[in-house]
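Residue numbering for the sequence shown follows the numbering used here, beginning at 320 and increasing consecutively. Down below is the structure, laid out as structure tokens.
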Amino acid sequence: MSFPSPRVIVVTGASVGIGAAIVKHQASKGNIVVGMARRAELIEEIKKENASWKVHALKVDLMNEADIVKAFDWIKTNLKRIDVLINNAGVLIATDILRVPNLFGVNLFAPVICMREAKSLLSKDGHIVNIGRR
320 MSFPSPRVIV
330 VTGASVGIGA
340 AIVKHQASKG
350 NIVVGMARRA
360 ELIEEIKKEN
370 ASWKVHALKV
380 DLMNEADIVK
390 AFDWIKTNLK
400 RIDVLINNAG
410 VLIATDILRV
420 PNLFGVNLFA
430 PVICMREAKS
440 LLSKDGHIVN
450 IGRR
């Protein structure tokens, strides 16, 4: 398998936790990282940690399909491809019945929409990684 260098890595839920760690790790390897999150300003803070890192912060509400489509349109226009899509965003539990739609939206529908949008941009040897929570 051969990837172009640098790789274009797209990470959802990139502002905190595992997502932020993935952004830092991939950026430190010289890859171009697109971080998607509702709190894009936190990804901007990661970007400031090292001036040489190629990190793009996109404000995306994964409960909003139009936001997701707009983000992938930005990638298509500006970066032309995706080598790795990491669907990391997730909601652990719905503590009350009113939050169940959010759980399904972020954990199920958003990754499917992201994969649909990424499909035409994936490089020949591209990968999709879905991170789940229990």
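Note that beta-carbon positions come from the ideal geometry of N, C-alpha and C, so glycine has one too.
- With respect to the 8 Å criterion, Ile447 and Met434 are classified as neighbours on the basis of their beta carbons.
- Spatial neighbours of Ser334 in its own chain (CB-CB distance under 6 Å, excluding positions within 5 residues in sequence) are listed in chain order as Ala356, Arg358, Leu361 and Ile362.
- In the three-state reduction of the DSSP assignment, Met434 falls in the helix class.
- Of the candidates Lys389, Ala346, Ala339 and Val353, the residue whose Cα lies closest to the Cα of Ala370 is Ala346.
- Nearest to Val388 by C-alpha distance, out of Leu440, Ile432 and Gly336, is Ile432.
- Judged by beta-carbon spacing, Ala408 lies within the 8 Å limit of Thr331, meaning their Cβ atoms are closer than that value.
- The C-alpha of Lys367 is placed about 31 Å away from the C-alpha of Asp444.
- In the DSSP assignment, Ala376 falls within the beta strand (DSSP E) that extends over Lys373 to Lys378.
- Collapsing the DSSP output to three states places Val388 in a helix.
- Counting along the chain, Ser334 sits inside no alpha helix (DSSP H), nor does DSSP assign it H or E at all.
- Ranked by Cα distance from Lys399, the options Phe391, Phe428 and Lys348 are led by Phe391.
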